[in-house]
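Be aware that the sequence shown starts at 850, since it is given in the numbering used here, and climbs by one per residue. Ideal placement from N, C-alpha and C gives every residue a C-beta, glycine not left out. The model shown is predicted, which means the values in this text are computed figures rather than measured ones.
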Amino acid sequence: MAERTRWYKDMCFYQIWPRSFKDGNGDGIGDLQGVLEKLDYIQSLHMDGIWFSPLYPSPNADYGYDVADYMDIAGEFGGMELFEQLVEELHRRGMKIIMDLVINHTSDQHPWFQASRRGLEPYKGYYYWRPAREGKNPLPNNWQSLFEGDAWSWDEERGAYYLHLFSPHQPDLNLRNPAVREEIKKIMRFWLDKGVDGFREDVITMISKPRGLPDGFPLPTARGIELYNHGPSVHAYLQEFRHDVLSRYDCVTIGEAPMTRPGQALEYIREDGGELDMLIQFDAMRGDSFFTSYSPHPFFLPKQKYLWARWQRRMDEGKAWNLLYLENHDHARVISRYGSEKYRSESGKALAASYLFQKGTPFVYQGQEIGMTNIRLDSIDCYEDVQTQRKYAGMKRLREDQRLKRVWRASRESSRTPMQWTDGPHGGFSEGEPWFYVNQNYRSVNVLQQEEDPNSLLNFYRRAMELRKSLPVVRFGSYRDLRPLSLRLHVYERCARGVRLLVICSYADKELSFRPPRGYDLRKGRLLLWSYPDAELRGNGCTLRPYECRVYLFTDKEEALPAPRAEETDLSEFYGGAETAVEESGEEMAEQEAETP
Ligand code: GLC
Ligand code: CA
């Protein structure tokens, strides 16, 4: 078969969590009508495609990640006809569409589960059913749900326990059963035949459970995860999906991969023989936490830079491709975590520049581009999300106010508040009563206001996106962190023969005086992107203002300056492949930044 084009490498994607994006009919729930209204906006961000969080009919125990019908579009989102119109419209614009594929589990309302609990064939063996064990503890094993609590619930009708790695309303499918895998292939073909361009595969690393479902290591949380994450047959199943379905279509596949090291990632996404194209790995979100954001520590920049650099290097060496992101529907807002709400716009720009010029395919999550921040609701009863509720319940040892503070910091519901379009009622999200609280900062943080301000975060995203696409070095160059130990600066270079891009991002809320790393003379560079309008030099250095960021280009080749989009051409020939131009040891890291008085 011919080499795949891997068009996704030249693209940027926008993630939509449909319920909160834009309500088109006034019922308070975001929908596809709303998305259609906003396609010009999405395109104005230089996005080439959209990943939709689940659009399927669902009882919404986990907002769409509990699917009740895999082959339809929920009525509240506008139904199938509107979806088909959307696919057509996106393709007319030359844009791609990626569907969420949730196949580790279904909703407990799915007809398969309803039939399975009654013991009806062929569905009887579609899920993991186990009898109660003799003795004091009747549970089949000691696994825990990733949403806290036991991973087993009792079903009266069947008279057995069923496994659910997430909420009790999300029973795990038994992929060991070939009939279940055939169902999954049918679902894939159904959407690919409708014209979708690929899938984001939910918790795909967890779809294979070990034979006999043995007890897990007695961890305090997520017990059993070492057994079912990267389970014994996960690669065999994914190979089968690739061979039987995906290889017959020109589509992209993205796997969600919690708790995954780069070495493990390569087994999924190596270009020679991997089963998927990219992974959503969680190291991008560990700069302030150990396991999940509910086990927090203060944001520590050197750790995050180490994680970034590690993935950049390992995927490059292993001939695989990174997916770059700062936010999605599962994490609190990044400005509230890694940046500063006081310097909201400035820190939003520094964060954008920190990740957008790395090597890989960037994803931007709705609202990230205008710097939406965490919501802080007065009581746990105001929160809707099952994970937030259960994490809160699990924090038994903390005081009430400490628990709530943790929720403010970590709840993924902070990234699910309605999109802030205007300073009008409900932030312009809906003409009715929105399904969830709008962050009250919508009066000052909204799209309309930022459209009008040339120096807004929104317009910075646009310039950054446009720039990244115009520079082949961003696609092909090597990545190197030039100040890995700096506590307050992320300074990195991207190099391809003769061309060097230098990205400088301050994470300090004070001024810093900055001198470039050896081998760089800022006076000889061309400043291509900046976050403060009057970015000046003082000799070969400058004062960086709070969270200031700058991108410089160094080249002797004029061709490297705004070149045509890389599209499907392989420009590595033009650059002679990735090569590091500056001979300087990465270990040499005199802390050069000093606070100015
Ligand atoms: C993934 C989804 C998350 C969901 C979970 C269970 O992590 O991104 O939102 O709750 O899987 O489907
Ligand atoms: Ca609606």
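Three-way DSSP call (helix, strand, coil) for residue i in this model
i, result
"residue 922", "coil"
"residue 859", "helix"
"residue 1391", "strand"
"residue 1221", "coil"
"residue 1047", "strand"
"residue 1355", "strand"
"residue 1440", "Confidence at residue 1440 is low in this model, with a pLDDT of 38, below 50, so the placement of that residue is unreliable and no value is reported for it."
"residue 1150", "helix"
"residue 1284", "coil"
"residue 878", "coil"
"residue 1323", "helix"
"residue 1100", "coil"
"residue 1305", "coil"
"residue 864", "strand"
"residue 954", "strand"
"residue 884", "helix"
"residue 869", "helix"
"residue 1239", "helix"
"residue 891", "helix"
"residue 1294", "coil"
"residue 1054", "helix"
"residue 1360", "coil"
"residue 1181", "coil"
"residue 904", "coil"
"residue 1132", "helix"
"residue 1138", "strand"
"residue 1199", "helix"
"residue 1277", "helix"
"residue 1029", "helix"
Among the options, nearest to residue i - alpha-carbon criterion
i, options, result
"residue 1317", "894, 1364, 883", "894"
"residue 1075", "1063, 1085, 1086", "1063"
"residue 1353", "1391, 917, 926", "1391"
"residue 1068", "992, 1093, 1040, 1252", "992"
"residue 905", "925, 887, 892, 886", "925"
"residue 1006", "1048, 1053, 1351, 973", "973"
"residue 1017", "1277, 884, 1254, 999", "999"
"residue 1084", "988, 1104, 885", "1104"
"residue 1296", "1217, 1043, 856, 1338", "1217"
"residue 1160", "1177, 1110, 1185", "1110"
"residue 1344", "1369, 1050, 1385, 1363", "1369"
"residue 1337", "1082, 1396, 967", "1396"
Under 8 Å between C-beta atoms of residue i and residue j
i, j, result
"residue 1151", "residue 1137", "no"
"residue 953", "residue 1108", "no"
"residue 1145", "residue 1265", "no"
"residue 920", "residue 1045", "no"
"residue 997", "residue 1248", "no"
"residue 958", "residue 908", "yes"
"residue 976", "residue 1027", "no"
"residue 1073", "residue 1065", "yes"
"residue 1351", "residue 1374", "yes"
"residue 1165", "residue 1208", "yes"
"residue 882", "residue 950", "no"
"residue 1331", "residue 1340", "yes"
"residue 1261", "residue 1133", "no"
"residue 1256", "residue 1232", "yes"
"residue 1394", "residue 1360", "yes"
"residue 965", "residue 910", "no"
"residue 1003", "residue 989", "no"
"residue 900", "residue 870", "no"
"residue 888", "residue 942", "yes"
"residue 1333", "residue 1154", "yes"
Chain B within 8 Å of residue i, Cβ atoms only
i, result
"residue 1081", "Going by chain labels, chain B is absent from the structure shown, which holds only one protein chain."
Close beta carbons around residue i, own chain, < 6 Å, minus the five adjacent residues each side
i, result
"residue 1188", "1196, 1200"
"residue 1205", "1211, 1313, 1317"
"residue 1410", "Residue placement at residue 1410 cannot be trusted, given a pLDDT of 48 that sits under 50; the coordinates are not used to answer."
"residue 1190", "1222"
"residue 1203", "1339, 1354"
"residue 1091", "1124"
Close-in-space but distant-in-sequence residues of the same chain around residue i (CB under 7 Å, 5 per side omitted)
i, result
"residue 868", "878, 879, 912, 1284"
"residue 858", "1170, 1210, 1324"
"residue 1113", "1079"
"residue 936", "946, 1043, 1044, 1045"
**Asked** For ligand 1, which residues count as neighbours when the test is a C-beta closer than 5 Å to any heavy atom?
**Response** Every residue with a CB closer than 5 Å to a heavy atom of ligand 1 is listed here in chain order: 911, 914, 1015, 1051, 1052, 1179.
Could you name the residues, in chain order, whose CB is less than 5 Å away from a heavy atom belonging to ligand 2?
-> 872, 874, 876, 878, 880
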